Amino acid sequence: MRLCFIGGGNPLVGELDDVMNYLSNYVEVGNKILIIPFATEESKIERWLNSAKMSFEDIGVEEIKLLNSRLTNQEMKNEIKEHNVLYFTGGRPEKLMKSLVEKELIQVVKEFSGLMVGVSAGALVFCGDCIITKGEDYPQTQVIKGLGFVDFSVEVHYEETIDEELIPLSDKRNIYAIPNGSALFWNKKVVTPINDVFHISKRNKIRLAKNRDSEK
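With the first letter of the sequence shown counted as 1, position 24 gets the number 35 in the numbering used here; the numbers rise by one all the way through.
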């Protein structure tokens with residue numbers, strides 16, 4: 012299993028070019044990508060699908076499919092097993108986790124051996140402690156249970172203005188703060204930052220060295 016935590020960004024203006032260039036090392040032509048849209052609203056699914064298509068087609072991958080919420084639970088499990096890459100959209104992490112539980116997909120996702128890409132809320136749920144910092148959609152910061160793939164937490168769409176909320180949460184956990192246009196790649200417990208990523212632990216924040224190398 013490999014994980015890519017994307018902080019956010021608009022592929023239409025090239026914000027994710029560096030991230031996709033890096034992912035091209037791990038995604039092959041002919042791979043099949045499955046979009047899991049359960050975090051987002053119905054009205055935004057088409058936009059997420061188009062965004063994913065643009066991002067992956069730029070690196071030569073064209074077989075991209077949306078996981079249909081009207082399938083049976085077993086049919087969804089089969090779809091997941093038949094793909095090489097799972098792409099979790101942004102939206103609301105608690106909505107995504109609830110859907111994965113209700114559709115009985117937690118185990119099949121945990122057993123998935125390919126690449127999983129999470130954008131925004133999709134990245135948050137990869138963690139054991141899923142931190143949702145306060146903002147326009149959330150009046151208070153909260154921590155919910157995520158999938159537990161890694162022993163750290165992430166902050167997405169990171170800006171320094173949230174440090175007052177975020178830094179105290181680092182007393183009990185390691186946090187990687189990922190701005191728009193940046194990502195964190197996890198491969199067998201080795202983490203690699205793509206563009207600016209900040210590590211926060213015990214109230215100490217450091218900027219990790221950038222990695223723009225997309226050479227194979």
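Think of the CB as a built atom: it goes at the ideal place given N, C-alpha and C, for glycine as much as any other residue.
These numbers come from a predicted model, not from an experiment.
Spatial neighbours of residue i in its chain, beta-carbon cut-off 6 Å, leaving aside the 5 residues before and after
i, result
"Asp-184", "The displayed chain sequence assigns Arg, not Asp, to residue 184. If we look at Arg-184 and ignore the five residues flanking it on each side, its Cβ neighbours are Asp-140, Ser-164."
Residues of its chain near residue i, where Cβ-Cβ distance is below 7 Å and the 5 sequence neighbours each way are ignored
i, result
"Lys-106", "Phe-49, Ala-50"
"Thr-66", "A quick correction: the sequence has Ser, not Thr, at residue 66. The answer, listed in chain order, is Pro-22, Leu-27, Met-31."
"Val-167", "Gly-18, Gly-19, Ser-131, Ala-134, Leu-135, Ile-189"
Pair within 9 Å by beta-carbon distance, residue i and residue j
i, j, result
"Tyr-98", "Ile-205", "no"
"Met-5", "Leu-126", "Only positions 12 to 227 of the chain appear in this structure, which leaves residue 5 out of reach."
"Leu-45", "Val-119", "no"
"Val-112", "Leu-14", "no"
"Ile-17", "Val-201", "no"
Residue of the options minimising C-alpha distance to residue i
i, options, result
"Asp-174", "Lys-43, Leu-60, Pro-190", "Pro-190"
"Gly-41", "Ala-188, Leu-23, Glu-74, Glu-122", "Glu-74"
"Val-38", "Val-119, Val-128, Pro-104", "Val-128"
"Lys-43", "Gly-18, Leu-78, Trp-59, Glu-52", "Leu-78"
"Glu-57", "Asp-182, Gly-101, Asp-207", "Gly-101"
"Gly-71", "Ser-35, Asn-61, Arg-103, Pro-104", "Ser-35"
"Asp-69", "Lys-55, Asp-29, Lys-76", "Asp-29"
"Pro-150", "Ser-54, His-210, Ala-132, Glu-176", "Glu-176"
"Glu-171", "Asp-182, Lys-64, Ile-217", "Ile-217"
What ranges does the beta strand (DSSP E) occupy inside the segment 21–53, keeping only unbroken runs of at least 3 residues that lie completely in it? 43–47
As an exercise, report each continuous beta strand (DSSP E) stretch of at least 3 residues that is fully enclosed by the segment 80–150, in chain order. Secondary structure remark: continuous beta strand (DSSP E) runs of at least 3 residues inside the segment 80–150, in chain order: 96–99, 126–130, 140–143.
Between the segment 117–137 and the segment 145–160, do at least 3 Cβ pairs fall closer than 8 Å? Yes, the segment 117–137 touches the segment 145–160.
Check whether the segment 141–152 and the segment 83–93 touch, using three or more Cβ-Cβ pairs below 8 Å as the test. no
Runs of alpha helix (DSSP H) wholly within the segment 140–210 (minimum 4 residues, chain order): 174–177
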